[in-house]
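Have a look at the structure below before the remarks.
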Ligand code: SF4
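In my numbering, the protein residues as written are 74 to 386.
Here's what the structure looks like:
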């Protein structure tokens, strides 16, 4: 059974249980070479290039979707194979392949297929995901991902229901699972929307939960909202809100707190937690100073920085 939408592009069908499933296997909306900092991942092979890959569709219904063209509309797709993706990554000196743009959980069979092929060719794999995946599917998906950035959209059930048409608890369970049961390097993004999820008490609760459940070394990226999709009347997130969130996160014990979607000229440094020296300076997505050795130890005091800094890891 095929569902044909008005545009004529058709990448969903009904399975035997009557559920809509994607037919995007062996298709892509496009490939792009990005700095890995753009995902964002700041503690996973910093300064390396990554081949970004996506299809169409999403399992959440965020009214603020910043990527709605890929997540919420049908797009023309090109045929592609795992071999083509690997060749493109190698041709462009990419260290890894990212499953991104739309939600990789909904094309997990294809993502897993590509990820397994990447491993055979010594390419790392990255999932940029909302973390909305049930327990039986988690294991297979994350065991072939070397790193992930999970978008934790807020820290209240009310927010998830009102703005995402989803629930908070499954995302928290995924975060706990990644931390306790996988080798996947984890970073978190939190998009702050004025008047929706930027209450300081809610941000504090989230940061305290992360510190207690996932540890203080999980990097968190507070990201600025821009009006998009169905949330066009909200304001852009003021820089003061992002800085307040950073203060709260640091007070809650989180060691690596970054601001995103701000001016490309803004610097987002990483500081050694032992000696306080600046060990990675970034300007926009560019690394402008790097003071770690090849295994991720501070050049000044030799303390190890949390993350993955070696291609051999
Ligand atoms: S999870 Fe991400 S891609 Fe999906 S609807 Fe929400 S913001 Fe858009």
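Each residue gets a CB set at the ideal place from its N, CA and C atoms; glycine is no exception.
Q) Name the DSSP beta bridge partners of residue 356, please? A) 340 and 359
Q.
Let's see if you can read the secondary structure: which residues bound the beta strand (DSSP E) around residue 126?
A. 122-127
Q: Would you mind reading off the limits of the alpha helix (DSSP H) that contains residue 244?
A: 242-254
Q. When we look at the beta-carbon of residue 269 and count the other beta-carbons within 10 Å, is it buried (16 or more) or exposed?
A. buried
**Q.** Buried or exposed (CB count within 10 angstroms, at least 16 for buried), residue 214
**A.** In this structure residue 214 is buried. Its beta-carbon is surrounded by 16 or more other beta-carbon atoms within 10 angstroms.
Q.
Counting C-beta neighbours from all protein chains within 10 Å, is the total for residue 116 16 or more, i.e. buried, or is it exposed?
A. buried
Q) In chain order, what residues of the same chain lie with their CB nearer than 7 Å to the CB of residue 238, ignoring the 5 residues before and after it? A) Excluding residues within five positions, the ones whose Cβ falls inside 7 Å are 133 and 134.
(Q) Cutting at 6 Å between CB atoms, please list the residues of its own chain near residue 67, excluding the five before and the five after it. (A) Absent from the structure is residue 67, since the part of the chain shown begins at 74 and ends at 386.
**Q.** Distance CB(residue 108)-CB(residue 358) smaller than 8 Å
**A.** In contact: residue 108 and residue 358 (Cβ atoms closer than 8 Å).
Q.
Going by beta-carbon coordinates alone, are residue 105 and residue 121 separated by less than 8 Å?
A. no
Q. In or out: residue 194 buried (at least 16 other Cβ within 10 Å) or exposed?
A. exposed
Q. What's the C-alpha gap between residue 367 and residue 201?
A. Approximately 25 Å, taken between the alpha carbons.
Q. Between residue 114 and the rest of its own chain, which residues show a CB-CB distance below 7 Å, the 5 nearest in sequence each way excluded?
A. 199, 220, 222 and 260
**Q.** Of the listed residues 365, 325, 244 and 242, nearest to residue 118 (C-alpha basis)
**A.** 365
Q. Taking just the CA atoms, how far does residue 315 sit from residue 262?
A. 12 Å
Q.
Taking 7 Å as the cut-off, is the beta-carbon of residue 371 closer than that to any non-hydrogen atom of ligand 1?
A. no
**Q.** Contacts around residue 370, its chain only, beta-carbon distance under 6 Å, and the 5 residues preceding and following it disregarded
**A.** Within the same chain, residue 370 has close Cβ partners 377.
Q. How many Å lie between residue 155 and residue 98 at the Cα?
A. Taking the straight line from one Cα to the other gives about 10 Å.
Q) When every heavy atom of ligand 2 is checked, does at least one fall within less than 7 Å of the C-beta of residue 222? A) Absent from the structure shown: ligand 2. Ligands present: ligand 1.
(Q) Here's a check: name, in chain order, each residue in its chain whose Cβ is nearer than 8 Å to the Cβ of residue 293, leaving out the five neighbours to either side. (A) 260, 261, 262, 263, 280, 283, 322, 327, 329, 330 and 331
Q) Going by the CB atoms, is the gap between residue 206 and residue 178 shorter than 8 Å? A) yes
**Q.** Outcome for residue 235 when other beta-carbon atoms lying within 10 angstroms are tallied against a minimum of 16
**A.** exposed
Q. Under the criterion of a Cβ to heavy atom distance below 7 Å, does residue 263 qualify as lining ligand 1?
A. no
Q: Give the straight-line distance between the Cα atoms of residue 383 and residue 306, rounded to the nearest whole angstrom.
A: 44 Å
Q | Residue closest to residue 112, alpha-carbon to alpha-carbon, out of 256, 174, 272 and 162 | A | 174
**Q.** Residue nearest to residue 373 in terms of C-alpha spacing, selected from 380, 381, 141 and 363
**A.** The candidate whose alpha carbon is nearest that of residue 373 is 363.
Q) What do you reckon, is the C-beta of residue 134 under 7 Å from a heavy atom of ligand 1? A) yes
Q) How long is the line joining the alpha carbons of residue 349 and residue 343, rounded to whole angstroms? A) Rounded to the nearest angstrom, the two C-alpha atoms are 9 Å apart.
(Q) According to DSSP, simplified to helix, strand and coil, what is residue 236? (A) helix
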